[in-house]
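**Student:** Positions in the sequence shown are counted from 1; adding 37 to them yields our numbering.
Virtual Cβ for every residue (Gly too), placed ideally from N, Cα, C.
Before I ask anything, let me first share the structure, which is written out below as structure tokens.
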Amino acid sequence: MEKDYGKSLMEKANQATKHAHAPYSKFHVGAALLTEKGNIFTGCNVENASYGLTMCAERNAIFAAVNTEGPDMKIRSIAVAIGNNLPGSPCGACRQVISEFSTRQGAKTEVIYPTRDGIVSKTIDELLPGAFAF
Ligand code: THU
Numbered sequence: 038m039e040k041d042y043g044k045s046l047m048e049k050a051n052q053a054t055k056h057a058h059a060p061y062s063k064f065h066v067g068a069a070l071l072t073e074k075g076n077i078f079t080g081c082n083v084e085n086a087s088y089g090l091t092m093c094a095e096r097n098a099i100f101a102a103v104n105t106e107g108p109d110m111k112i113r114s115i116a117v118a119i120g121n122n123l124p125g126s127p128c129g130a131c132r133q134v135i136s137e138f139s140t141r142q143g144a145k146t147e148v149i150y151p152t153r154d155g156i157v158s159k160t161i162d163e164l165l166p167g168a169f170a171f
């Protein structure tokens, strides 16, 4: 069951890479997340000529989810894909933001991403132990 929705989230993340605006890095990233309420949101990276204004795919997906579900939105699972089947995992900033919206009780938020050895699934606690929280 977990693997099934993980696979479809990866497919949606792959589709989202096609919307990336990445003329500078040419690194097309897509993200797809499943909320605890059962909704799916996607995002892509959006770069800018003023490089520091760039926003990652993961955070664009998360902000879209909060915009629709509100501040109590919780991420059950989030998948990340890179164009041309390149490997890649969420950056530190995105890990911190995922952590903010993670399921703290019960099932841990899972993060699915491609590595050189295939697609892996890790909990956000594994990817960012000791995340900052108030
Ligand atoms: N990028 C993401 O979208 N997500 C990450 O987790 C890491 C990096 C984007 C930002 C930039 O547009 C490009 O990848 C190269 O860094």
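Give the straight-line distance between the Cα atoms of residue 90 and residue 104, rounded to the nearest whole angstrom.
**Tutor:** The residue you call residue 90 lines up with position 53 of the sequence shown. The residue you call residue 104 lines up with position 67 of the sequence shown. Taking the straight line from one Cα to the other gives about 20 Å.
**Student:** Counting along the chain, where does the beta strand (DSSP E) carrying residue 116 start and finish?
**Tutor:** Looking up residue 116 in the sequence shown gives position 79. Note, residue 116: beta strand (DSSP E), 112-119.
**Student:** Between which two residues does the beta strand (DSSP E) carrying residue 147 extend?
**Tutor:** Position 110 of the sequence shown holds residue 147. 147-152 is the extent of the beta strand (DSSP E) around residue 147.
**Student:** Alpha carbon to alpha carbon, how far is residue 149 from residue 109? Give it in angstroms, no decimals.
**Tutor:** As a working mapping, residue 109 is identified with position 72 in the sequence shown. As a working mapping, residue 149 is identified with position 112 in the sequence shown. For residue 109 and residue 149, the distance between alpha carbons rounds to 22 Å.
**Student:** How would you write the range of the alpha helix (DSSP H) that residue 101 sits in, first residue to last?
**Tutor:** Taking the sequence shown and counting its residues from 1, the one referred to as residue 101 is at position 64. Residue 101 -> alpha helix (DSSP H) spans 94-106.
**Student:** The alpha helix (DSSP H) with residue 9 in it runs from where to where?
**Tutor:** The requested residue 9 does not occur in the structure, where the chain is confined to residues 38 to 171.
**Student:** Here's the rule I'm using: 16 or more other beta-carbon atoms within 10 Å means buried, otherwise exposed. How should residue 86 be labelled?
**Tutor:** One-based indexing of the sequence shown puts residue 86 at position 49. Residue 86 should be labelled exposed.
**Student:** Among the residues of its own chain, which have a CB less than 7 Å from the CB of residue 42, if the five just before and after it don't count?
**Tutor:** Along the sequence shown, one-based indexing puts residue 42 at 5. Same-chain partners within the cutoff: 71 and 114.
**Student:** Curious, which full-length beta strand (DSSP E) runs of at least 3 residues does the segment 45-83 contain?
**Tutor:** Listed in chain order, they are 66-72 and 77-81.
**Student:** Which residues does DSSP list as the beta-bridge partners of residue 160?
**Tutor:** Indexing the sequence shown from 1 puts residue 160 at position 123. In DSSP, residue 160 forms a bridge with 147.
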